[in-house]
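One structure below.
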């Protein structure tokens, strides 16, 4: 599951409440069943005080799954859960300007990303607008830094446009925060590069620091691509079978990993993905 939060009620009762939040980025027929499975597993582990909430971040306005229902031989299972559709959030920029709530700006960036698919120049301008709003809000330096990275991740651009954006952003007058190439790095890439760099530095003790560093970073980038493939498969089809996971983790060629990532996004089923390898 994406997130499980433990809270305590404020009316004097000592009861604990568990809030399960599941973010679903695209339409998936099995999603209601998956919500039910996550819900009953949390109940089984922590008790009955569990609320499951689905955040629908897809681009399909009419897809609103909120019920899992099965019936066989008189045995009925019915589970309803609340949903929050990001497309429904009206005027998130206005909400951010009035309240300063950073989640409103994040939703605005997500909506902009959906609305500008295949339109990189328009997305470029939308990102500029959002980051200017963020800069004017008077948040702390750390808050601005974290939100800047998150907004750039949500509104990814082609590599050459990303570099142009950094250059143009840093030329703005009064811009106290200088954007760097690190702002364009995804969390997976950052983690993998750190992991790969540590491995490379260890090898560098015996083989030469520079050689080990380069090898470690390269391995880190390959690991990032493997995680991208697994993440795409999990987002589309749920839990990935161990045999498929092992197959992906065993890929060592960058071209193969690029092909695997394309297939993870486009293959109609996990079986079709598996058959390609």
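Numbering (this note's numbering), first residue to last: 474 to 750.
We treat Cβ as the ideally placed atom computed from N, Cα and C, and that holds for glycine.
Buried or exposed (CB count within 10 angstroms, at least 16 for buried), residue i
i: residue 508; result: buried
i: residue 692; result: buried
i: residue 613; result: exposed
i: residue 583; result: buried
i: residue 701; result: buried
i: residue 565; result: buried
i: residue 502; result: exposed
i: residue 717; result: buried
i: residue 638; result: buried
i: residue 600; result: buried
i: residue 642; result: buried
i: residue 602; result: exposed
i: residue 751; result: Within the shown structure, residues of the chain are numbered from 474 to 750, placing residue 751 beyond reach of any answer.
i: residue 540; result: exposed
i: residue 572; result: exposed
i: residue 563; result: exposed
When the options are compared against residue i, the one with the closest alpha-carbon
i: residue 478; options: 515, 744, 624; result: 515
i: residue 512; options: 552, 489, 607; result: 552
i: residue 533; options: 500, 646, 541; result: 500
i: residue 530; options: 744, 585, 617; result: 585
i: residue 495; options: 528, 589, 521, 518; result: 528
i: residue 510; options: 640, 542, 535; result: 542
i: residue 738; options: 712, 720, 707; result: 707
i: residue 475; options: 526, 517, 481, 506; result: 526
i: residue 581; options: 604, 740, 482, 618; result: 604
i: residue 608; options: 703, 597, 624; result: 624
i: residue 593; options: 561, 480, 627; result: 627
i: residue 722; options: 703, 712, 524; result: 703
i: residue 555; options: 740, 505, 597; result: 505
i: residue 636; options: 591, 618, 597; result: 597
i: residue 606; options: 557, 574, 632; result: 574
i: residue 724; options: 694, 482, 744; result: 694
DSSP state of residue i mapped onto helix, strand, coil
i: residue 420; result: Only positions 474 to 750 of the chain appear in this structure, which leaves residue 420 out of reach.
i: residue 742; result: coil
i: residue 536; result: coil
i: residue 503; result: coil
i: residue 562; result: coil
i: residue 725; result: coil
i: residue 543; result: strand
Inter-residue Cα distance where the pair is residue i and residue j
i: residue 710; j: residue 497; result: 11 Å
i: residue 492; j: residue 579; result: 21 Å
i: residue 714; j: residue 742; result: 13 Å
i: residue 699; j: residue 736; result: 13 Å
i: residue 537; j: residue 644; result: 43 Å
i: residue 726; j: residue 747; result: 17 Å
i: residue 559; j: residue 484; result: 31 Å
i: residue 629; j: residue 576; result: 18 Å
i: residue 611; j: residue 733; result: 43 Å
i: residue 546; j: residue 520; result: 28 Å
i: residue 696; j: residue 550; result: 41 Å
i: residue 589; j: residue 595; result: 6 Å
i: residue 712; j: residue 719; result: 13 Å
i: residue 569; j: residue 620; result: 13 Å
i: residue 618; j: residue 640; result: 17 Å
i: residue 731; j: residue 544; result: 43 Å
i: residue 523; j: residue 480; result: 11 Å
Residue i - containing beta strand (DSSP E), residue span
i: residue 551; result: 548-553
i: residue 527; result: 523-529
i: residue 480; result: 476-481
Delimiting residues of the alpha helix (DSSP H) encompassing residue i
i: residue 484; result: Looking at the DSSP string, residue 484 is not in any alpha helix (DSSP H), and its letter there is neither H nor E.
i: residue 615; result: 614-627
i: residue 643; result: 632-643
i: residue 608; result: 593-609
i: residue 579; result: 575-588
Residue-chain proximity (residue i, chain C), Cβ-Cβ < 8 Å
i: residue 536; result: Although the question refers to chain C, the structure presented lacks it and comprises just one protein chain.
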